[in-house]
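Peer 1: Residue numbers (the working numbering), protein chains in the order written: chain A, 8 to 419; chain B, 8 to 419.
Protein chains: 2
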Amino acid sequence: MSIDIDRDRLVETMEAQAAIGGTAGGGLHRLALSDADAAVRDWFVDRATGAGLDLRVDAFGNVFARRAGADSDAAPVLVGSHLDSQPYGGIYDGPLGVIGALEFVRTLDDYGIETRRPVEVVNWTNEEGSRFQPAMQGSGVWAGAHDIDEEYEKTDADGDRVVDELERIGYRGDEPAEPREPYHAYLELHPEQGPFLEETGADVGVVTGIVGLRWAEVTLHGQANHSGTTPMHYRNDALVAASDAVTAVRRLPGSLGERTVATVGSLTVQPDSVNIVPETVRFTTDIRDPDEATLDAAVARMEAEVAAAADREGVEHEIEHTMASPAVDFSERPVEAVADAVDHLGYDGRRMVSGAGHDATHAASVCDAAMVFSVSEDGKSHTEDEFTSWSDCYRSANVLANAALDLAGRVD
Amino acid sequence: MSIDIDRDRLVETMEAQAAIGGTAGGGLHRLALSDADAAVRDWFVDRATGAGLDLRVDAFGNVFARRAGADSDAAPVLVGSHLDSQPYGGIYDGPLGVIGALEFVRTLDDYGIETRRPVEVVNWTNEEGSRFQPAMQGSGVWAGAHDIDEEYEKTDADGDRVVDELERIGYRGDEPAEPREPYHAYLELHPEQGPFLEETGADVGVVTGIVGLRWAEVTLHGQANHSGTTPMHYRNDALVAASDAVTAVRRLPGSLGERTVATVGSLTVQPDSVNIVPETVRFTTDIRDPDEATLDAAVARMEAEVAAAADREGVEHEIEHTMASPAVDFSERPVEAVADAVDHLGYDGRRMVSGAGHDATHAASVCDAAMVFSVSEDGKSHTEDEFTSWSDCYRSANVLANAALDLAGRVD
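1. Do Gly229 (chain B) and Pro285 (chain B) have their C-beta atoms within less than 8 Å of each other?
2. Identify each residue in the stretch 270-289 of chain B for which the Cβ-Cβ distance to at least one residue of chain A is less than 9 Å, and report them in chain order.
3. Have a look at Arg340 (chain A) and Ala269 (chain A) and give me their C-alpha separation to the nearest angstrom.
4. In whole angstroms, give me the CA-to-CA distance for Thr122 (chain A) and Ser79 (chain A).
5. At a CB distance below 8 Å, what residues from the stretch 226-246 of chain B approach chain A? Give them in sequence order.
6. When you compare the CB positions of Leu246 (chain B) and Val213 (chain B), do they come within less than 8 Å of one another, or not?
7. Compute the Euclidean distance between the alpha carbons of Ala7 (chain A) and Glu22 (chain A), then round it to the nearest angstrom.
8. Against chain B, with Cβ distances strictly below 8 Å, would Glu199 (chain A) count as a contact?
9. Going by other Cβ atoms of all chains shown within 10 Å of its Cβ, with 16 needed for buried, is His369 (chain A) buried or exposed?
10. When the cut-off is 8 Å and only beta carbons count, does Ser388 (chain B) lie next to chain A?
11. Between the beta-carbon of Phe67 (chain A) and the beta-carbon of Glu158 (chain A), is there less than 8 Å?
12. Find the residues of chain A that neighbour Leu220 (chain B), judging by a C-beta separation of less than 8 Å, and give them in chain order.
13. Mind listing the chain B neighbours of Val268 (chain A)? Cutoff is C-beta to C-beta under 8 Å, in chain order.
14. Using beta-carbon positions only, say whether Val64 (chain A) and Gly180 (chain A) come within less than 8 Å of one another.
15. Whole angstroms is fine: what's the gap from Asp53 (chain B)'s alpha carbon to Leu62 (chain B)'s?
16. Taking 8 Å as the cut-off, decide whether the C-beta atoms of Gly272 (chain A) and Asp296 (chain A) are in contact.
17. Taking C-alpha atoms, which residue in A:Glu323, A:Leu85, A:Ala304 lies nearest to Ala367 (chain A)?
18. Kindly list the residues whose CB is nearer than 8 Å to the CB of Thr237 (chain A), restricted to its own chain and excluding five residues on each side of it in sequence; keep chain order.
19. Who are the near neighbours of Gly147 (chain B) in its chain, counting only those whose CB is closer than 6 Å to its CB and skipping five residues on each side?
20. Using 8 Å as the threshold, is the C-beta distance between Arg402 (chain A) and Thr215 (chain A) below it?
21. Where do the ends of the alpha helix (DSSP H) carrying Arg54 (chain A) lie?
22. Enumerated in chain order, which unbroken segments of the alpha helix (DSSP H) with a length of 4 residues or greater are wholly contained in the stretch 141-218 of chain A?
23. Quick test of your reading: Arg446 (chain B) and Leu60 (chain B), contact by CB under 8 Å. State the CB separation rounded to the nearest angstrom.
24. Taking C-beta to C-beta, are Thr205 (chain B) and Val382 (chain B) nearer than 8 Å?
25. Interface residues of chain B around Val253 (chain A) at Cβ under 7 Å?
26. Using a Cβ-Cβ cut-off of less than 9 Å, give me the residues of the stretch 106-133 of chain A that come near chain B, in sequence order.
27. Provide the residue span of the alpha helix (DSSP H) that contains Ile12 (chain B), from first to last.
28. When you compare the CB of Pro260 (chain B) with every CB in chain A, is at least one pair closer than 8 Å?
29. For chain B, is any of its Cβ atoms less than 8 Å away from the one on Gly96 (chain A)?
30. Within 10 angstroms of its Cβ, does Gly104 (chain A) collect 16 or more other Cβ (buried), or is it exposed?
31. So what's Gly104 (chain A) in DSSP terms, helix, strand or just coil?
32. With the cut-off set at 8 Å, would you say Ile217 (chain B) and Ser361 (chain B) are in Cβ contact?
33. Within the chosen definition, does the stretch 94-102 of chain B reach the stretch 411-418 of chain A through at least 3 CB pairs nearer than 8 Å?
34. Beta-carbon separation of Phe111 (chain B) and Leu407 (chain B) under 8 Å?
35. Quick check: what's the CA-CA separation for His197 (chain A) versus Val169 (chain B)?
36. Do Ala249 (chain A) and Leu274 (chain A) have their beta-carbon atoms positioned less than 8 Å apart in this structure?
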């Protein structure tokens, strides 16, 4: 028998969090470890203790709120996401997963359900990576992907350090930032941030994994020259070579995997003057695919295209590989728990691979993990215009609650 | 019989000016109306009065130094260029033309030559256009191409106005900024700023005109989206469209005039983030050709290429035409005076069209005009590495002196 969360309470709680660091444009500006982040953390702690949960804050500010299980030695089920936002981002990206997890434990209380395993609701520190890099910092430290002392020293644009900001807002906890016991499973509800569910008319996404990702920074060195007096054949124009490479990167996915995406998101020109032939251009590449071999092939192709474009224009080039995140295949058990919940609730669920990284990426290295995606209208994300209808919030949170209960085990 | 300028004095005077606002890298940082510009103006006034010339400063800071002619009613010959520099520019671009003109009148004194016409040496205000736009501002005001009150109000990046800076450095003169009498001819010596003379092994350039120029600013509006979750076919990537257009602009000259040049010098991306599909891209186009019809065809082709690139990527586009400067054909009389001087001195001169705008562009609308080009090593310009050998400075200044004497008329 399925449980049914309280839709009104979910909406009310979502609206309450959205008021903390809310923007005039209806979005959220709640950067990690800012005053607004401090305020929403205090608010969350208040709600969690109000629901009778036991609070722990680890040394990197990750907040865990625990509901006891019948078997106190059983490995707990961890459910959550993040409460920080992008600069002028939306109100769903992150909070929906934390509020959805809170709504799950509240619903257990409504039904008077005891679970066999303990259940923990988690709010991870700095998922967005806008103020401090990298993204998914808190879950990464917890999972052992990053060294905590190195991450403490990371600074924002003003030179403020993570460790000082954690102290300042009172969220540098006593607990070591690591799994303190084996976990049975991790579940995360998150907006899709893409158009797939809406395009296919689905209600909810059953996420089976997360694409692998490769970032690079390409630098092209040409020769600055006067735009009027330098004949065309005399030029080594870094922007022409870069443009040639950008169009080649755009064509990459069409000749590789069906789900490959490749993006040049940032590009800067020097000296950047109307009448000077560009000398230096730097641009980034972001290539993603669920399959590691396809990803390797795509990166090799990108390198070859950059080299060919540079050769054609007679400019020098360098490629620095700045980040690699392996593709994650979620474990069968939690994925099937999500798929079963979708079926039992009578929703139209679609299996899909996430194109974006999530805290679940790191959690999956600690225990079995899976994710639930809600519909994102027009696929809009990282903008105040991000939108998931309350119906979609309700449906996806209901899936989360039922899948989590399945994993935690019901004691009747 | 040719006159022969004093090579050592020319070099010494060039070195003296190069010390004012000189950079550690051996260049010049002498922005228009800066303290360094004020210092070099004072130095120039000192040298000109030392050579017995009569000084006038007009209301836009253009400085005229006059040597009387036998016929005081005859239209004078105007010779000069500019003493301001690019940011961290070279020591030849501008100063060589002013010092060359000064050396011409000094040589007249050496030889005890009286000219029929008066001769004036001019230092134009703000040729470079780096601190205040537009370039060639002083000569443009003088020639009536710009309204002086509008130009007075132009501001630099700090918000300082031209008129206030003219007052501050003491170069807002009493004389109206306009030709106070008909001029017989204008001559200007300038480094080529391109590789043509060096490539052809010539000693000096006989400039027969200045290319026409069209500047535009293109804006492409796409849709910002997450680089991981947005399928390729769902994208409207402003940078992909811009890159497509940039490569098309690069190909334009090959299918048009032999001397067409086309450049995208400036390009900016928003939001300019590694994992966001670019929403807005702005870039400039700079197209030049000696022939107006070819120029019109090139601009039309650029517009069509931008529209096609925008269509292919499904982005909106706007094109703003920000500047048009017509092609200038210099008059036969002063061009022949330059060509004759080259012949009489036994140099290897090449006729050529200037790819860059000069104060001569504006002067040519007031009186007959022509230019002399010196060799620019490797065509380097607008950089501290700009280089013209002292031999090339000497030869080109010698051509200037003899051509100017020809036009001024020798009284024997």
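C-beta atoms are modelled at their ideal positions from N, C-alpha and C, and glycine is treated no differently.
Peer 2: Straight from the coordinates:
1. Counted from its first residue, the second sequence places residue 229 (chain B) at position 222. Counted from its first residue, the second sequence places residue 285 (chain B) at position 278. Remark: C-beta atoms of Gly229 (chain B) and Pro285 (chain B) approach each other more closely than 8 Å.
2. Taken in chain order, the members of the stretch 270-289 of chain B whose beta-carbon sits within less than 9 Å of a beta-carbon on chain A are Thr270, Val271, Gly272, Ser273, Leu274, Thr275, Val276, Pro278, Asp279, Ser280, Val281, Asn282, Ile283, Val284, Pro285, Val288.
3. In the first sequence, counting from the first residue as 1, residue 340 (chain A) sits at position 333. In the first sequence, counting from the first residue as 1, residue 269 (chain A) sits at position 262. The alpha-carbon of Arg340 (chain A) is positioned some 32 Å away from that of Ala269 (chain A).
4. Mapped onto the first sequence, residue 122 (chain A) falls at position 115. Mapped onto the first sequence, residue 79 (chain A) falls at position 72. Spanning the two alpha carbons is a distance of roughly 10 Å.
5. Correct list: Ala231, Asn232, His233, Ser234, Gly235, Thr236, Thr237, Pro238, Met239, Tyr241, Asp244, Leu246.
6. The residue labelled residue 246 (chain B) in the question sits at position 239 within the second sequence. The residue labelled residue 213 (chain B) in the question sits at position 206 within the second sequence. Taking C-beta atoms as the reference points, Leu246 (chain B) and Val213 (chain B) fail to come closer than 8 Å.
7. The shown model of chain A, from 8 to 419, leaves out residue 7 (chain A), and the question about it has no answer.
8. For the purposes of this step, residue 199 (chain A) is taken as residue 192 along the first sequence, with counting starting at 1. So, interface residue.
9. Start at 1 with the first residue of the first sequence, and residue 369 (chain A) comes out as number 362. By the neighbour-count rule (16 or more Cβ atoms within 10 Å), His369 (chain A) is buried.
10. Walking along the second sequence from the start, residue 388 (chain B) turns up at place 381. Interface flag for Ser388 (chain B) against chain A is set, since a Cβ pair is found closer than 8 Å.
11. Position 60 of the first sequence, counting from 1, holds the residue named residue 67 (chain A). Position 151 of the first sequence, counting from 1, holds the residue named residue 158 (chain A). Taking C-beta atoms as the reference points, Phe67 (chain A) and Glu158 (chain A) count as a pair closer than 8 Å.
12. For the purposes of this step, residue 220 (chain B) is identified with residue 213 of the second sequence, where counting begins at 1. Near Leu220 (chain B) (Cβ distances below 8 Å), the residues of chain A are Gly235.
13. Taking the first residue of the first sequence as position 1, residue 268 (chain A) is located at position 261. Simply Ser234, Gly235, Thr237, Pro238, Met239.
14. Sequence index remark: in the first sequence, residue 64 (chain A) carries index 57 (1-based). Sequence index remark: in the first sequence, residue 180 (chain A) carries index 173 (1-based). Yes.
15. Mapped onto the second sequence, residue 53 (chain B) falls at position 46. Mapped onto the second sequence, residue 62 (chain B) falls at position 55. Note on geometry: alpha-carbon atoms of Asp53 (chain B) and Leu62 (chain B) lie some 10 Å from one another.
16. Numbered from its first residue, the first sequence carries residue 272 (chain A) at position 265. Numbered from its first residue, the first sequence carries residue 296 (chain A) at position 289. No.
17. The residue you call residue 367 (chain A) lines up with position 360 of the first sequence. Distance check between Ala367 (chain A) and each of A:Glu323, A:Leu85, A:Ala304 places A:Leu85 closest, using alpha-carbon atoms only.
18. The residue given as residue 237 (chain A) occupies position 230 in the first sequence. Within the same chain, Thr237 (chain A) has close Cβ partners Val284.
19. Your numbering for residue 147 (chain B) matches position 140 in the second sequence. Taken in chain order, the residues that qualify are His153, His369.
20. Along the first sequence, one-based indexing puts residue 402 (chain A) at 395. Along the first sequence, one-based indexing puts residue 215 (chain A) at 208. No, Cβ-Cβ distance for Arg402 (chain A) and Thr215 (chain A) is not below 8 Å.
21. Taking the first sequence and counting its residues from 1, the one referred to as residue 54 (chain A) is at position 47. Arg54 (chain A) -> alpha helix (DSSP H) spans 42-57.
22. Fully contained in the stretch 141-218 of chain A are the following alpha helix (DSSP H) runs of length 4 or more, in chain order: 144-149, 155-159, 169-175, 203-207.
23. An answer regarding residue 446 (chain B) cannot be provided, because it is not within the stretch 8 to 419 covered by chain B.
24. Along the second sequence, one-based indexing puts residue 205 (chain B) at 198. Along the second sequence, one-based indexing puts residue 382 (chain B) at 375. The sequence shown places Glu at residue 205 (chain B), not Thr. The answer is yes: Cβ separation under 8 Å.
25. In the first sequence, counting from the first residue as 1, residue 253 (chain A) sits at position 246. Residues of chain B with a Cβ closer than 7 Å to the Cβ of Val253 (chain A) are, in chain order, Leu246, Val247, Ser250.
26. None of the residues of the stretch 106-133 of chain A has a beta carbon lying less than 9 Å from any beta carbon of chain B.
27. Numbered from 1 along the second sequence, position 5 holds the residue referred to as residue 12 (chain B). Taken as a continuous stretch (DSSP letters only), Ile12 (chain B) belongs to no alpha helix (DSSP H), as it is neither H nor E.
28. The sequence position of residue 260 (chain B) within the second sequence is 253, counting from 1. Interface flag for Pro260 (chain B) against chain A is set, since a Cβ pair is found closer than 8 Å.
29. For this step, residue 96 (chain A) is matched to residue 89 along the first sequence. Answer no: the Cβ-Cβ gap between Gly96 (chain A) and chain B never drops below 8 Å.
30. In the first sequence, residue 104 (chain A) corresponds to position 97, counting from 1. With 16 or more other Cβ atoms inside 10 Å of its own Cβ, Gly104 (chain A) counts as buried.
31. Locating residue 104 (chain A) in the first sequence gives position 97, counting from the first residue. Gly104 (chain A): helix per DSSP, three-state reduction.
32. One-based indexing of the second sequence puts residue 217 (chain B) at position 210. One-based indexing of the second sequence puts residue 361 (chain B) at position 354. For Ile217 (chain B) and Ser361 (chain B), yes; Cβs fall inside 8 Å.
33. Judged by Cβ distances under 8 Å, the stretch 94-102 of chain B makes no contact with the stretch 411-418 of chain A, as fewer than three pairs qualify.
34. Along the second sequence, one-based indexing puts residue 111 (chain B) at 104. Along the second sequence, one-based indexing puts residue 407 (chain B) at 400. The Cβ-Cβ distance between Phe111 (chain B) and Leu407 (chain B) falls below 8 Å.
35. Counting from one through the first sequence, the residue named residue 197 (chain A) turns up at place 190. Counting from one through the second sequence, the residue named residue 169 (chain B) turns up at place 162. Answer to the nearest angstrom: the Cα atoms are 56 Å apart.
36. If you number the first sequence from 1, residue 274 (chain A) lands on position 267. If you number the first sequence from 1, residue 249 (chain A) lands on position 242. Yes, Cβ-Cβ distance for Leu274 (chain A) and Ala249 (chain A) is below 8 Å.
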